[in-house]
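These notes concern the structure reproduced below.
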Amino acid sequence: MSKVLYEKDIQKEVLQGKKVAIVGYGSQGHAHALNLRESGYDVVVGLRPGKSQEKAEEDGFTVLSVAEAASLADVVMVLLPDELQPKVYHESIEQNLEAGNAIAFAHGFNIHFNQIVPPSDVDVFIVAPKGPGHLVRRTYEEGAGVPALYGVFQDVTGNATQLALAYSQGIGAARAGVLETSFQEETETDLFGEQAVLCGGVTSLIKAGFETLTEAGYQPEVAYFECMHEMKLIVDLLYEGGLENMRYSISDTAQWGDFVSGPRVINDETKERMKEVLADVQSGEFAKGWILENQANRPKFNATNAKENQHAIEKVGRELRELMPFVKQSLKSKQKDVN
Ligand code: NAD
Ligand code: MG
Ligand code: MG
Ligand code: MG
Ligand code: MG
Ligand code: MG
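In this text, residue positions in the sequence shown follow the UniProt record's numbering: the first is 1, and each later residue adds one.
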């Protein structure tokens, strides 16, 4: 079994006295910057003018341009949207990396797919929290953390691994446990997971269930509760104690239905499709499509997004959530600085 490391296994000294530039102050950026500072590290924030800049200044950070921050820092953590990273890197970061500096990422996409090719005289590492930035922050404040993967792409100082570990400690991830990976593994598993299971898989499953019920004449409100609202309650049980814990909590009727009908919906045929998704991730086919989509100004992304927001489950969901004040508004509208 791979070795999970915790705070006690990590030397903080390698990062102490070094200046860390957090580039971007969105979901991950604000969490990394605040947690690192509270862990005793020296942080500056690199941004362009805008909403994020105001927020970082309100939080008491020195905010510099990306170029200034990169030039001042020993360690540059790039927390910009993945699709903007190559441009900002080429314009403002590359020329400000000195020999022996480190550049770091929270997702391996741009390094793995060669959209960013760092100079050969800097360390390159990844610390990828396995959870949203707002949870990275909230769990840290609660004295806990979100687990993370760490890995090294290029080690010129001989310290890159220790640096990645100290960084994981600084954001609180080592309280929950950190696991070594490679840029390739992190990138491919992250993309596969969000496409086949967490985001693509779950939204398609929910919509298909909702459509099946409403097309059979059941009330959309009832279908919404069954297929969307209750999902969170089930996922919480899975998160806390796996399949067994979830099945312990549901009725035996539900559990029997799980056993007999789950495999009728998701089965070897579905798994074949998942293998195709994974193959597209591994071959770079998915990456190429997403890079070109961005170059074309996202015609398909925007059209699909508009259509999805009009789905019947979204309409009924908006109305029902109005009536359920205990269901808190999502992070998106509260916190996320969309570019
Ligand atoms: P985000 O969209 O929440 O934030 C991006 C930040 O970059 C914002 O502060 C924005 O103002 C700033 N920015 C945008 N364009 C800029 C420019 N040209 N110059 C300077 N600043 C600019 O991004 P995010 O979701 O935090 O993602 C950052 C990285 O973290 C990505 O690599 C992503 O894959 C990775 N990641 C994200 C999550 C998550 O929970 N969102 C989880 C794991 C890994
Ligand atoms: Mg520098
Ligand atoms: Mg992920
Ligand atoms: Mg991802
Ligand atoms: Mg039920
Ligand atoms: Mg039970």
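Backbone N, C-alpha and C define an ideal beta-carbon position, used for all residues, glycine too.
Proximity of residue i and residue j at Cβ, strictly below 9 Å
| i | j | result |
| --- | --- | --- |
| residue 80 | residue 23 | yes |
| residue 99 | residue 121 | yes |
| residue 110 | residue 129 | no |
| residue 56 | residue 78 | no |
| residue 131 | residue 183 | no |
| residue 149 | residue 127 | yes |
| residue 374 | residue 59 | Outside the shown range of the chain, which is 1 to 339, sits residue 374, and nothing can be said about it. |
| residue 179 | residue 2 | yes |
| residue 216 | residue 313 | no |
| residue 147 | residue 177 | yes |
| residue 166 | residue 28 | no |
| residue 323 | residue 225 | no |
| residue 316 | residue 221 | yes |
| residue 93 | residue 76 | yes |
Sequence-distant residues of its chain with Cβ nearer than 6 Å to residue i (five each side left out)
| i | result |
| --- | --- |
| residue 334 | In this predicted model, residue 334 has a pLDDT of only 48, less than 50, meaning its place in the structure is not dependable; the value taken from the coordinates is given anyway. The answer is none, since no qualifying residue turns up. |
| residue 331 | Low confidence applies to residue 331: its pLDDT is 49, below 50, so where it sits in the model is not reliable enough to give any reading. |
| residue 278 | 192 |
| residue 213 | 223 |
| residue 31 | 133, 136, 137 |
| residue 209 | 227 |
| residue 327 | 321 |
| residue 4 | 177, 179 |
| residue 161 | 152 |
Assigned exposure category for residue i - 16 Cβ within 10 Å defines buried
| i | result |
| --- | --- |
| residue 51 | exposed |
| residue 181 | buried |
| residue 296 | exposed |
| residue 168 | buried |
| residue 16 | exposed |
| residue 97 | buried |
| residue 306 | exposed |
| residue 261 | exposed |
| residue 145 | buried |
| residue 339 | Residue confidence for residue 339 is low, a pLDDT of 30 falling below 50, so the modelled location carries little weight; the figure read from the coordinates is stated next. Answer is exposed; the Cβ neighbour count stays below 16. |
| residue 95 | exposed |
| residue 82 | buried |
| residue 303 | exposed |
| residue 139 | buried |
| residue 43 | buried |
| residue 71 | buried |
Same chain only: Cβ atoms within 7 Å of residue i, ignoring 5 sequence neighbours per side
| i | result |
| --- | --- |
| residue 191 | 281, 286 |
| residue 234 | 246 |
| residue 284 | 113 |
| residue 219 | none |
| residue 6 | 174, 177 |
| residue 196 | 274, 277 |
| residue 270 | none |
Closest by C-alpha distance to residue i, when choosing among the options
| i | options | result |
| --- | --- | --- |
| residue 119 | 317, 106, 72, 89 | 89 |
| residue 112 | 96, 49, 307, 187 | 187 |
| residue 116 | 84, 145, 156, 223 | 84 |
| residue 69 | 47, 317, 247 | 47 |
| residue 154 | 146, 12, 102, 318 | 102 |
| residue 274 | 248, 194, 325, 211 | 194 |
| residue 288 | 225, 114, 185 | 114 |
| residue 259 | 94, 244, 219 | 244 |
| residue 204 | 91, 266, 141 | 266 |
| residue 308 | 156, 251, 200, 241 | 200 |
Chain-order list of residues whose beta-carbon lies under 8 Å from that of residue i (same chain, five-residue window excluded)
| i | result |
| --- | --- |
| residue 311 | 207 |
| residue 300 | 293 |
| residue 164 | 104, 125, 126, 127, 150, 151, 152 |
| residue 159 | 14, 123 |
| residue 337 | Caution is warranted here: a pLDDT of 38 is assigned to residue 337, below 50, making its placement in the model unreliable, and no coordinate value can be reported. |
| residue 231 | 202, 206 |
| residue 249 | 237 |
| residue 143 | 175 |
| residue 255 | 247 |
| residue 253 | none |
C-beta neighbour in chain B for residue i, strict 9 Å
| i | result |
| --- | --- |
| residue 61 | Absence of chain B from the displayed structure is noted, only one protein chain being present. |
Cβ-heavy atom distance, residue i to ligand 7, below 8 Å
| i | result |
| --- | --- |
| residue 112 | Judged by which ligands are present, ligand 7 is missing from the structure shown, whose ligands are ligand 1, ligand 2, ligand 3, ligand 4, ligand 5 and ligand 6. |
Notebook entry, point to check: Are at least three pairs of beta-carbons, each pair with one atom in the stretch 47-67 and one in the stretch 19-35, less than 8 Å apart?
Noted result: yes
Item checked: the stretch 25-43 / the stretch 165-178 touching (three or more Cβ pairs under 8 Å) -> yes
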